[in-house]
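Worksheet: the structure to be examined is printed underneath.
Protein chains: 2
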Amino acid sequence: MEHLLRRIQAALDSAVAAGEAQGCPPALALAIRHAVFSGGARIRPQLCLAVALACGDDRPELADGAAAAIELLHCASLVHDDLPAFDDAATRRGAPTVHRLHGERLAILAGDALIVCAFQSLARAAVRAPERLAPILETIGRGVGMPFGIVAGQAWECEPQVDLADYQRAKTGSLFAAATMAGAQAAGSDPAPWRAFGDWLGEAYQVADDIRDAAADAEMIGKPTGRDVALGRPSMARELGVPEAIRRFDRLVAGTAAAIPSCRGAAQLRALVTTESERLVPKTWARRSDRIAA
Amino acid sequence: MEHLLRRIQAALDSAVAAGEAQGCPPALALAIRHAVFSGGARIRPQLCLAVALACGDDRPELADGAAAAIELLHCASLVHDDLPAFDDAATRRGAPTVHRLHGERLAILAGDALIVCAFQSLARAAVRAPERLAPILETIGRGVGMPFGIVAGQAWECEPQVDLADYQRAKTGSLFAAATMAGAQAAGSDPAPWRAFGDWLGEAYQVADDIRDAAADAEMIGKPTGRDVALGRPSMARELGVPEAIRRFDRLVAGTAAAIPSCRGAAQLRALVTTESERLVPKTWARRSDRIAA
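Have a look at this one:
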């Protein structure tokens, strides 16, 4: 997926650079760079581009713009999620969080600026296909906003009662579904058949995140672990136990692969799913967790 | 301007309602309603619609969408500006601030959701004029994002040294210029001649805000006064003194009226400027402040 990562890096570079100019507030520019370019697996934008390619990718600059928008919105949500009022996280992707490095005010503003920047970079990428802009913007907006996007998912953490499936679908699944659907739309294809693929992958990813929080070492994953328990957050690993959560993850990965619509790029997409699932929850963990549970 | 306010209210209603659905997190929905519908003079969206009308308003639904987007972004910036990390304000528009009523987490999320909602409502309004969407989105994005929009303006408060004119242009002027330019674009007109009108009005508005902070009673303006001094924020009234700041305001109002491009709706726009300037800094204040300074 090296070529996808190169496209994503270039699109993010150009989106962030467009917000920097002589005479802009320098500390905010640094905070934004830190939020976007301190690692990250770029799984959502890769997914968006992989689907665009599977659909013919006739407007690569638009697919790049959609992918960058999705990653910028994801970065914004991480910066705000790490704030003292939420997780109060000290590290993210192996580096200090934005608010620890630049202060709480600049972390709030960096998240805000990244949301705006995401929609601007999408709009700029649509110059040669203006009729595709509104539908892609609506798809991505649904993935992040109210009533069922990331922001809604985070808001469920403020409610006294939460349905775990609703919470995880909003907090994670929604942006995965937006990534697959926007990828199809950027290439001029019908997004509907791609929703299920994104939904399955998003659910698998969320369960993987719960497993990693409960089972992995902080050093291995670059952020503190055990936070779900400490913060009383809903977690599949907490609800089912780690060994059962890993079995559920395996079933979700199988479902994800099966949900890929038949198309030219299906084999490549299945390869992406396999690589990514091994990266998230290595097969060795299943053996180790069964041993511990036994 | 009653008919403009009715259009704005309807557009805001429909934008906010689109984010509410069975199964959305209820507390966030309440926080968003509170942020948008607790008063507010709606000056920016009125300005946007007034310019669209002056330019023929051939796509009123698009002008409404642009006006709503601008007001939603303004509301988002107020919610985040009021947070404990920034102004820690207890009241806004005569009511408790969002974070005092709903907590800090929901205030952060409400601001985020409003930014997303703004761009979504703009995109929905462009269904019948898709070629106008990207240019309007870019105009509005410039008014709120990096490097010179509202977010940049707020970030100047985190810098050790600030140029007062740069700060005020970003924090206030940028969204006024976006409002006039987006109004022209929504009606299919060239936005360039409308920039100066927005710039002048934005500067006048910012000076008025400084004067109000320094001179008015909290009860009269619905939020605490004397905050600029208390928070050490740059302020024209602090720099020049209230009587001189009022004279400067009067000159800016005259400049604003002179900057209106010649067009069918010019007289109506001049009337809006006069009404609004009297609402912001009543003529009686000049007499009172001269008496105090003497």
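Going down the list, the sequences are from chains A and B. For the first sequence, numbering that gives the first Met the number 0 puts the final residue at 293, and the numbers step up evenly by one. For the second sequence, numbering that gives the first Met the number 0 puts the final residue at 293, and the numbers step up evenly by one. Think of the CB as a built atom: it goes at the ideal place given N, C-alpha and C, for glycine as much as any other residue.
Would you verify that the beta carbon of residue i is, or is not, closer than 9 angstroms to some beta carbon of chain A?
i	result
B/Gly140	yes
B/Ala328	Residue 328 of chain B falls outside the range modelled here, since chain B spans only 0 to 293, and no answer is possible.
B/Gln167	no
B/Phe118	yes
B/Cys47	no
B/Leu61	no
B/Glu137	yes
B/Gly110	yes
B/Gly294	Nothing can be reported for residue 294 of chain B: it is not among the residues displayed for chain B, which extend from 0 to 293.
B/Ile69	no
B/Ser173	no
B/Ser76	yes
B/Ala164	no
B/Pro129	yes
B/Ile107	yes
B/Val126	yes
Looking at the structure shown, is residue i part of a helix, part of a strand, or coil, going by DSSP?
i	result
B/Pro83	coil
A/Ala270	helix
A/Thr90	strand
A/Pro59	helix
B/Pro146	coil
B/Pro129	helix
A/Pro260	coil
A/Pro242	helix
B/Pro233	coil
B/Pro281	coil
B/Pro95	strand
A/Pro134	helix
A/Gln298	Nothing can be reported for residue 298 of chain A: it is not among the residues displayed for chain A, which extend from 0 to 293.
A/Cys47	helix
B/Pro24	coil
B/Glu103	helix
B/Phe248	helix
A/Cys54	coil
B/Asp189	coil
A/Ser37	coil
A/Met0	coil
B/Gly64	helix
B/Gly140	helix
B/Glu70	helix
A/Glu202	helix
Ignore the nearest five residues each way along the sequence and tell me which others in residue i's own chain have a CB closer than 7 angstroms to its CB.
i	result
B/Ile135	Ala65, Leu121, Ala181, Gln184 and Ala185
A/Leu61	Ala124, Ala125, Ala128, Arg131 and Ala185
Using a Cβ-Cβ cut-off of 9 angstroms, state whether residue i counts as contacting chain B.
i	result
A/Ile245	no
A/Pro260	no
A/Val115	yes
A/Cys54	no
A/Cys157	yes
A/Leu11	no
A/Ala185	no
A/Leu132	yes
A/Arg123	yes
A/Arg104	yes
Who are the near neighbours of residue i in its chain, counting only those whose CB is closer than 8 angstroms to its CB and skipping five residues on each side?
i	result
A/Asp63	Arg6, Ile7, Ala9, Ala10, Leu48 and Ala124
B/Arg237	Asp209, Ala213, Asp227 and Val228
B/Asp81	Asp87, Ala88, Arg91, Thr96, Val97, His98 and Ala106
B/Arg141	Phe147, Gly148, Ser173 and Ala177
Taking 8 angstroms as the cut-off, does the CB of residue i come closer than this to any heavy atom belonging to the ligand FAD?
i	result
B/Pro192	Ligands displayed in this structure: none; no statement on the ligand FAD is therefore possible.
Going by beta carbon distance, what residues of the same chain come within less than 6 angstroms of residue i, once the five residues before and after it are set aside?
i	result
A/Arg232	none
B/Gly18	Cys116
A/Pro192	Pro260
B/Ala67	Ala10, Leu11, Ala14 and Ser120
Practice problem: Return the residues of the segment 144 to 155 of chain A that lie within a Cβ-Cβ distance of less than 9 angstroms from chain B, sorted by chain order. | Solution: Flagged, chain order: Gly144, Met145, Pro146, Phe147, Gly148, Ile149, Val150, Ala151, Gly152, Gln153, Ala154 and Trp155.
Exercise. Give the residues from the segment 78 to 102 of chain B that approach chain A closer than 8 angstroms (Cβ to any Cβ), ordered along the chain.
Key: His79, Leu82, Ala84, Phe85 and Gly102
Exercise. Assess, as a yes-or-no matter, whether the segment 20 to 37 of chain B is touched by the segment 134 to 154 of chain B under the definition of 3 or more beta carbon pairs within less than 8 angstroms.
Key: Of all C-beta pairs linking the segment 134 to 154 of chain B to the segment 20 to 37 of chain B, fewer than three are shorter than 8 angstroms, placing the two stretches out of contact.
Quiz item: Just checking, does the segment 73 to 84 of chain A make contact with the segment 105 to 119 of chain A on the three C-beta pairs under 8 angstroms criterion?
Solution: Because the criterion of three Cβ pairs below 8 angstroms is met, the segment 73 to 84 of chain A and the segment 105 to 119 of chain A touch.
Quiz prompt | chain A contacts from the segment 22 to 33 of chain B (Cβ-Cβ distance under 8 angstroms) | solution = Gly22, Cys23, Pro24, Pro25, Ala26, Leu27, Ala28 and Ile31
Practice problem: Please determine if the segment 237 to 252 of chain B and the segment 27 to 36 of chain B are in contact, where contact requires at least 3 C-beta pairs separated by less than 8 angstroms. | Solution: Not touching, per the Cβ criterion.
Quiz item: Listed in chain order, which residues of the segment 229 to 242 of chain B have Cβ atoms closer than 9 angstroms to some Cβ of chain A?
Solution: Close to chain A, meaning a Cβ-Cβ distance shorter than 9 angstroms, is no residue of the segment 229 to 242 of chain B at all.
Quiz item: When Cβ atoms are compared, which residues of the segment 266 to 293 of chain B fall closer than 7 angstroms to chain A?
Solution: none
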